[in-house]
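The opening position of the sequence shown corresponds to residue 16 in our numbering, with each subsequent residue numbered one higher.
Glycine included, each C-beta is placed from N, C-alpha and C at the ideal position.
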Amino acid sequence: MCSEGKTTPKIVRGEGGYVLEDVPHLIDYLPDLPTYPNPLQDNPAYSVVNQYFVDVNDNVAQKIVVHKSSPRGMLFRRAGPHQRVCFESDEVHACIVTCGGLCPGLNTAIGEIVCGLYGMYVVRKVLGIEGGYRGFYSSNTTNLTQKSVNDIHKRGGTILCTSRGGHDTLKIVDSIEDRGINQVYIIGGDGTQKGASVIFEEIQRRGLKVAVAGIPKMIDNDIVVIDQSSGFDTAVEEAQRAINAAHVEAESIENGIGVVKLMGRYSGFIAMYATLASRDVDCCLIPGSPFRLEGKGELLEFIEKRLKENGHMVIVVAEGAGQDPTVESMRSVDHQDASGNKLLLDVGLWLSQKITDHFTRNKKMHINLKYIDPTYMIRAIPRNASDNIYCTLLAHSAIHGAMAGYTGFTVGPVNGRHAYIPFHRITGVQNVVVTDRMWARLLSSTNQPSFLSSKDVEDAKKGATDAAVGRGE
Ligand SMILES: Nc1ncnc2c1ncn2[C@@H]1O[C@H](COP(=O)(O)OP(=O)(O)O)[C@@H](O)[C@H]1O
Ligand SMILES: O=P(O)(O)OC[C@H]1O[C@](O)(COP(=O)(O)O)[C@@H](O)[C@@H]1O
Ligand SMILES: [Mg+2]
């Protein structure tokens with residue numbers, strides 16, 4: 016595995032504090048590249064829409080809440096179809112690959128890239144790379160047509176299969192070059208975008224006319240800059256079913272406790288949003304907000320109090336929660352998956368065991384605890400309607416960008432408008448639930464203590480500031 020790319024940021028400054036963080040373009044290293052009129056101008060569907068093409072000077076602001084005396088913040092290039100493109104339709108040989116963990120909407124993204132290329136740009140050569148990055152050099156490929164992707168958006172998973180690890184940059188770029196591929200669409204999470212970044216670097220180094228576009232999918236919502244990751248909405252919705260079940264079980268028996276573990280390796284967005292949406296949850300535990308079991312005002316005392324008040328309770332725990340020294344012992348610190356992600360032991364099981372032990376030991380109360388682990392159920396399902404539309408827009412934005420000659424970018428909504436974001440802006444830092452207003456809303460809705468000491472609060476505030484600096488805010 017390589018480390019992420021080292022492209023120098025393409026910063027364009029102008030009057031009035033204008034700062035555009037632009038994405039690379041093929042013309043940056045292929046200056047004589049010809050351009051052609053966009054075939055969309057003759058497309059009966061698109062030609063009827065006023066101002067369908069984006070202006071080359073359209074930008075999207077990262078910061079929309081500004082202070083009188085504060086800097087205006089960074090701008091990104093607006094995504095969308097351009098008047099001129101750098102590829103002729105019959106010249107395009109595109110490929111699509113899906114990498115990393117599953118996420119609802121992968122098949123929609125695949126299908127929409129294929130249909131968008133065929134329908135909007137009259138492209139006829141789209142190759143599916145099977146089995147993630149290693150598929151470039153060790154697996155089968157499949158020709159993708161509008162017919163072959165016809166109804167895949169209704170299915171969970173990815174028709175191309177996926178994998179972790181196996182990112183061998185040189186072999187991947189050799190394969191791209193040997194096959195004559197000139198547009199590479201890479202669908203995946205934060206790890207995948209890092210991989211895409213180094214592929215782009217190598218392609219640029221070799222001077223190839225190959226556009227590399229990243230399409231973000233992250234069930235954990237742990238990618239920075241973009242508003243929200245695709246698949247997240249579906250996952251939060253599906254998590255409601257597990258929380259409902261835990262609630263029904265807990266309230267139907269004396270001193271019932273329902274514990275639900277939700278995905279979120281480094282960030283607790285699914286747990287936080289699922290808790291806020293449900294309103295049946297009494298306590299939500301996430302990475303970044305440490306808790307302790309024993310002691311005054313700590314978790315076990317709170318559980319006892321809530322049981323006495325309500326007779327039952329529901330706890331939602333994100334899989335990455337409990338990283339403080341109290342639970343350090345249950346973590347398999349030395350283990351990583353094939354992509355280098357930290358492997359965690361089951362915090363839900365551990366917590367359930369600790370709660371049961373506590374109440375058995377002190378004999379104060381007989382509890383009935385049910386542990387529900389819907390982990391893979393929330394990501395193996397088909398996307399919901401809103402994620403379907405979202406993935407469609409991501410796919411189309413990626414196609415328009417690649418056709419216009421932009422490369423080395425990830426596409427995504429920034430404050431509601433789709434933009435092209437250079438890889439390095441999203442690969443350097445991870446999105447985490449910081450102690451911001453959303454977390455305050457959650458604490459107020461569950462009425463749980465924060466379990467934070469004054470030192471924890473200081474650390475969290477510092478972490479939030481550092482993260483904001485890392486995100487370029
Ligand atoms: N720093 C990196 N450089 C190159 N490839 C990487 C890097 N990090 C992850 N990858 C590759 O990206 C792919 C997906 O990464 P992973 O972390 O498993 O999932 P996700 O993209 O969903 O976060 C894997 O094939 C992995 O080898
Ligand atoms: O068992 P797997 O496939 O490694 O997946 C588990 C991980 O996948 C995720 O759902 C998403 O992680 P990625 O962003 O790496 O795909 C994590 O929340 C979870 O820890
Ligand atoms: Mg990841």
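Once you ignore the five residues that flank residue 340 on each side, which residues in its own chain have a CB closer than 6 Å to its CB?
-> The predicted position of residue 340 is uncertain, since its pLDDT is 42 and thus under 50; a value taken from the coordinates is nonetheless stated next. Around residue 340: no qualifying Cβ.
Pick helix, strand or coil for residue 312, following the three-state DSSP scheme.
-> coil
Are there 16 or more other CB atoms within 10 angstroms of the CB of residue 379, so buried, or fewer, so exposed?
-> By the 10 Å Cβ count, residue 379 comes out exposed.
Residue nearest to residue 39 in terms of C-alpha spacing, selected from 400, 92, 54 | Of 400, 92, 54, the residue nearest in Cα terms is 92.
Decide if the stretch 188-198 is in contact with the stretch 142-159; the criterion is three or more beta carbon pairs, one per stretch, under 8 Å apart.
-> yes
Buried or exposed for residue 442, please, with buried defined as at least 16 other CB atoms from any protein chain shown within 10 angstroms of its CB.
-> buried
If residue 118 and residue 232 are in contact, beta carbons under 8 Å, what's the gap, nearest whole angstrom?
-> 4 Å
At a cut-off of 8 Å, is residue 204 close to ligand 3 when judged by its beta-carbon and the heavy atoms of the ligand?
-> Short note on residue 204: C-beta closer than 8 Å to some heavy atom of ligand 3.
Would you call residue 112 buried or exposed, if buried means 16 or more other Cβ atoms sit within 10 Å of its Cβ?
-> buried
Exposed or buried, residue 11, counting other C-beta atoms within 10 Å across all chains shown (16 or more means buried)?
-> With the chain running from 16 to 488 in the structure shown, residue 11 is simply not present.
To the nearest angstrom, how far is it from the Cα of residue 416 to the Cα of residue 257?
-> The alpha-carbon atoms of residue 416 and residue 257 are separated by roughly 39 Å.
Which residue from 414, 405, 333, 81 puts its Cα closest to that of residue 96?
-> 414
Can you list, in chain order, the residues of its chain whose CB lies under 6 Å from that of residue 25, leaving out five sequence neighbours each side?
-> Counting only residues of its own chain and dropping the five nearest sequence neighbours on each side, residue 25 has a CB closer than 6 Å to the CB of 37.
Whose C-beta lies closer than 7 Å to the C-beta of residue 32 among residues of the same chain, with five residues either side of it excluded?
-> Result list for residue 32: 86, 87, in chain order.
With a cut-off of 8 Å, do at least 3 Cβ pairs link the stretch 362-370 to the stretch 286-298?
-> no
Candidates 103, 471, 466, 332: which alpha carbon is nearest residue 387's?
-> For the residues 103, 471, 466, 332, the minimum Cα distance to residue 387 belongs to 332.
Cβ shell of residue 321 (< 7 Å), same chain only, five flanking positions each side left out = Its chain contains 297, 328 as the residues whose beta carbon lies nearer than 7 Å to that of residue 321, once the 5 sequence neighbours on both sides are disregarded; these appear in chain order.
Please go through the same chain and pick out, in chain order, the residues whose beta-carbon is closer than 6 Å to the beta-carbon of residue 196, but skip the five residues on each side of it.
-> 108, 110
For residue 49, name the three-state secondary structure that DSSP assigns.
-> coil
Would you check if the stretch 386-402 and the stretch 242-253 touch, i.e. whether three or more CB-CB distances between them fall below 8 Å?
-> yes
Taking the alpha helix (DSSP H) that residue 415 falls in, what are its first and last residues?
-> 400-418
Rounded to the nearest angstrom, how far is the Cβ of residue 165 from that of residue 142, given a contact under 8 Å?
-> Not really, about 18 Å apart at Cβ, beyond 8 Å.
Considering only C-alpha positions, which residue in the set 429, 473, 301 is nearest to residue 457?
-> For residue 457, the closest alpha carbon among the candidates 429, 473, 301 is that of 301.
Cα separation between residue 403 and residue 168?
-> 8 Å
What is the C-beta distance between residue 177 and residue 115, in whole angstroms, given that I count them as a contact (C-beta under 8 Å)?
-> 6 Å
Under the rule that 16 or more other beta-carbon atoms within 10 Å means buried, what is residue 470, buried or exposed?
-> Label assigned to residue 470: exposed.
How about the stretch 234-243 and the stretch 278-288: do they share at least three Cβ pairs that are nearer than 8 Å?
-> yes
Check whether residue 120 and residue 435 have beta carbons under 9 Å apart | no
Outcome for residue 376 when other beta-carbon atoms lying within 10 angstroms are tallied against a minimum of 16 | With fewer than 16 other Cβ atoms within 10 Å, it is exposed.
At a cut-off of 8 Å, is residue 245 close to ligand 2 when judged by its beta-carbon and the heavy atoms of the ligand?
-> no
Taking the beta strand (DSSP E) that residue 424 falls in, what are its first and last residues?
-> 424-429
Return the CA-CA distance between residue 207 and residue 323, expressed in angstroms with no decimal places.
-> 47 Å
Near residue 272, which residues of its chain fall below 8 Å by C-beta distance, leaving aside the five closest residues on each side in sequence?
-> Correct list, in chain order: 265, 318, 322, 327, 328, 329, 330, 370, 382, 383, 384, 385.
Run the proximity test for residue 298: is its beta-carbon closer than 8 Å to any non-hydrogen atom belonging to ligand 2?
-> no
Would you say residue 110 touches ligand 2, meaning its beta carbon is less than 8 Å from a heavy atom?
-> Between ligand 2 and residue 110, a heavy atom-to-CB distance of less than 8 Å is absent.
DSSP state of residue 359 mapped onto helix, strand, coil = Under the three-state reduction of DSSP output, residue 359 falls in the coil class, being neither helix nor strand.
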